[in-house]
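Chains as they are written, first to last, in our numbering: chain A, 4 to 103; chain B, 6 to 208.
C-beta: ideal position from N, C-alpha, C; glycine also.
For clarity, every value in this text was computed on a predicted model and none was experimentally measured.
Put into structure tokens, the structure is as follows:
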């Protein structure tokens, strides 16, 4: 049997956010918005959920007169993401095994 | 709030894999370097070395000679300002580990160049450019090869190796001829790979 998938990561937008952040040191809110195909409100909500879970860190600052939100994956988030990818890989390996 | 939750689509395993693949591509595109600093410094150093090689060989009028004399320091100052702006002040939506690694490595090499310069001067009591040129080239060659490795860009690695070999060739030559070899080395290790990277950049 394959492991239960982490419910925090098993959603389209949150998984997209984590998949972007895993390869970068940090990313701005505007960059995540451009690449996750969601609305500002939904992105804010999903970022809060990831923050509550301790998977990301959010830094609020200013660039000129405009607010700037920068997101960074945390060590806990990296571990959770790796486990999630591992579980997905195992699922596909098992599927291939059953199809044989 | 409810509309937000409604947009929190749950995925099946195939969709998860698709999201992971697509978003990792987004991060990967951001890792690519646009090569602009390679182009800028490649051309500045190419012109500087070529000028040093040609200055005594060509007969030119006083105004042209003066223009060339002031052109080089102006280019160097503009290059430094542009590099500092690009590295520290340019608006970027993301920060990548690759970018941070390259920044640390290049600033270490630049600091290394200053230190080598001081050490040589302390030991020799006078500047010896015939010796300094090839040593500088070796340090720069290391930085180019490491940059090529970090960016997974073979043309840059090859350029760095050629730059290092050019340093060895220079060590057999008088200073005047070193400038020509060095100009060619900057063309091969910086200008050509820089323009290729710029062509492939994430638009």
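Can a CB atom of chain B be found closer than 8 Å to the CB of residue i?
i, result
"residue 4 of chain A", "Because the pLDDT at residue 4 of chain A is just 44, under 50, the model does not fix this residue reliably, and the value given afterwards should be weighed accordingly. With 8 Å as the cut-off, residue 4 of chain A does not count as an interface residue toward chain B."
"residue 22 of chain A", "yes"
"residue 50 of chain A", "no"
"residue 53 of chain A", "no"
"residue 94 of chain A", "yes"
"residue 14 of chain A", "yes"
Of all Cβ atoms in chain A, is any one closer than 8 Å to the Cβ of residue i?
i, result
"residue 25 of chain B", "yes"
"residue 9 of chain B", "Unreliable placement is indicated for residue 9 of chain B, whose pLDDT of 42 sits below 50; the coordinate value is still reported in the next sentence. With 8 Å as the cut-off, residue 9 of chain B counts as an interface residue toward chain A."
"residue 28 of chain B", "yes"
"residue 99 of chain B", "yes"
"residue 156 of chain B", "no"
"residue 107 of chain B", "no"
"residue 21 of chain B", "yes"
"residue 102 of chain B", "yes"
The alpha helix (DSSP H) with residue i in it runs from where to where?
i, result
"residue 109 of chain B", "102-129"
"residue 17 of chain A", "15-24"
"residue 94 of chain B", "That residue, residue 94 of chain B, is in no alpha helix (DSSP H); it is neither H nor E in DSSP."
"residue 53 of chain A", "43-55"
"residue 70 of chain A", "It is not in any alpha helix (DSSP H) - residue 70 of chain A instead sits in the beta strand (DSSP E) that spans 69-76."
"residue 5 of chain B", "Chain B is shown from 6 up to 208; residue 5 of chain B falls before or after that span and cannot be answered."
Give a single yes or no on whether residue i has its beta carbon closer than 7 Å to a heavy atom of the ligand NAD.
i, result
"residue 159 of chain B", "The ligand NAD is absent from the structure shown, which contains no ligands of any kind."
Within its chain, find whatever has a CB closer than 7 Å to the CB of residue i; leave out the 5 residues flanking it on each side and keep chain order.
i, result
"residue 17 of chain A", "11, 49, 52, 53"
"residue 92 of chain B", "108"
Could you pull the start and end residues of the beta strand (DSSP E) that residue i belongs to?
i, result
"residue 30 of chain A", "29-31"
With a CB to CB cut of under 6 Å and the five nearest residues on each side skipped, what residues in its chain are close to residue i?
i, result
"residue 139 of chain B", "172, 175, 176"
"residue 70 of chain B", "none"
"residue 66 of chain A", "none"
Using 8 Å as the Cβ pair cut-off and three pairs as the minimum, do the region 73-88 of chain A and the region 30-45 of chain A touch? yes
Mind checking the region 171-200 of chain B against chain A and listing, in chain order, the residues whose C-beta falls within less than 9 Å of any C-beta there? none
Using 8 Å as the cut-off, can you tell me whether the region 132-152 of chain B makes contact with the region 165-176 of chain B, which would need three or more C-beta pairs spanning the two stretches below that distance? yes
Can you confirm whether the region 153-166 of chain B touches the region 17-28 of chain B when touching is taken to mean that 3 or more C-beta pairs between the two stretches lie within less than 8 Å? no
Does the region 39-50 of chain B come within contact of the region 193-203 of chain B, defined as at least 3 CB pairs closer than 8 Å? yes
Take every Cβ of the region 81-95 of chain B, pair it with every Cβ of the region 57-65 of chain B, and state whether three or more of those distances are shorter than 8 Å. no
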